[in-house]
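Okay, so here's the structure we're looking at.
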Amino acid sequence: MSELTEKRKRGRPPKPREVLRRDVAGRELVNLDVWRMVESKLKGLSGRRSVSRACELIAKEARERRETAPKLVREMLDRHHKHLLNADTLRRHYADAEATRKRESSVATYLERELARLGPWQPPKGT
1277 MSELTEKRKR
1287 GRPPKPREVL
1297 RRDVAGRELV
1307 NLDVWRMVES
1317 KLKGLSGRRS
1327 VSRACELIAK
1337 EARERRETAP
1347 KLVREMLDRH
1357 HKHLLNADTL
1367 RRHYADAEAT
1377 RKRESSVATY
1387 LERELARLGP
1397 WQPPKGT
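Here the sequence shown stands for residues 1277 to 1403, numbered as in the numbering used here.
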């Protein structure tokens, strides 16, 4: 009879810790990639140099590229890189990456090396 009175847990079961760690690590990599793109874009801008403007330009270029891309590339962009199409999402990823960069000195030194190695951001040619 105790089985009948026992309450069943509702909702989705919790994820294992290693899956959560992997999810967080993946999100941080996406954030750092967005940070690198925005900083590289800022390097190439003349005049008004703001993060918002750089994010808007990246999102605009991604939307233009998506319109002319083959169907397979469009599907991949929609499935895996949807954050590139929205300037607000890019700004949020940039802010999260900036917080990570300020919090962890090893990440900051790595990003400075990467930024020095890269030139101004250019969209890939010939898709």
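C-beta atoms are modelled at their ideal positions from N, C-alpha and C, and glycine is treated no differently. Small disclaimer: the values here were computed from a predicted structure and weren't measured.
Using the C-alpha atoms, what's the distance from residue 1286 back to residue 1365? Position 89 of the sequence shown holds residue 1365. Position 10 of the sequence shown holds residue 1286. Answer to the nearest angstrom: the Cα atoms are 32 Å apart.
Would residue 1369 pass as a contact of residue 1359 if the rule is Cβ separation under 8 Å? Translated into the one-based positions of the sequence shown, residue 1369 becomes position 93. Translated into the one-based positions of the sequence shown, residue 1359 becomes position 83. Going by C-beta atoms, residue 1369 is nearer than 8 Å to residue 1359.
With a threshold of 8 Å on Cβ separation, who are the neighbours of residue 1383 within its own chain once the five nearest residues in sequence on each side are excluded? By one-based count along the sequence shown, residue 1383 stands at place 107. Taken in chain order, the residues that qualify are 1308, 1376 and 1377.
Take residue 1310 and list the residues in its own chain whose beta-carbon comes closer than 8 Å to its own, dropping the five residues that flank it on each side. The residue labelled residue 1310 in the question sits at position 34 within the sequence shown. Same-chain partners within the cutoff: 1359, 1366, 1369, 1370 and 1373.
Report the CB separation of residue 1361 from residue 1330 in whole angstroms; it is logged as a contact under 8 Å. To locate residue 1361, count along the sequence shown from 1; it is residue 85. To locate residue 1330, count along the sequence shown from 1; it is residue 54. The Cβ separation is near 15 Å, so there is no contact.
Can you tell me whether residue 1374 is helix, strand or coil according to DSSP? For this step, residue 1374 is matched to residue 98 along the sequence shown. In this structure, residue 1374 counts as helix in the three-state DSSP scheme.
Got a sec? Which residues, its chain only, sit under 7 Å from residue 1333 by beta carbon, not counting five neighbours each side? Taking the first residue of the sequence shown as 1, we reach residue 1333 at position 57. Counting only Cβ-Cβ distances below 7 Å, and skipping sequence neighbours, we find 1317.
Assuming residue 1312 contacts residue 1390 under a Cβ cut-off of 8 Å, what Cβ separation, rounded to an integer in Å, is found between them? Your numbering for residue 1312 matches position 36 in the sequence shown. Your numbering for residue 1390 matches position 114 in the sequence shown. So it is a contact: roughly 6 Å between Cβ atoms.
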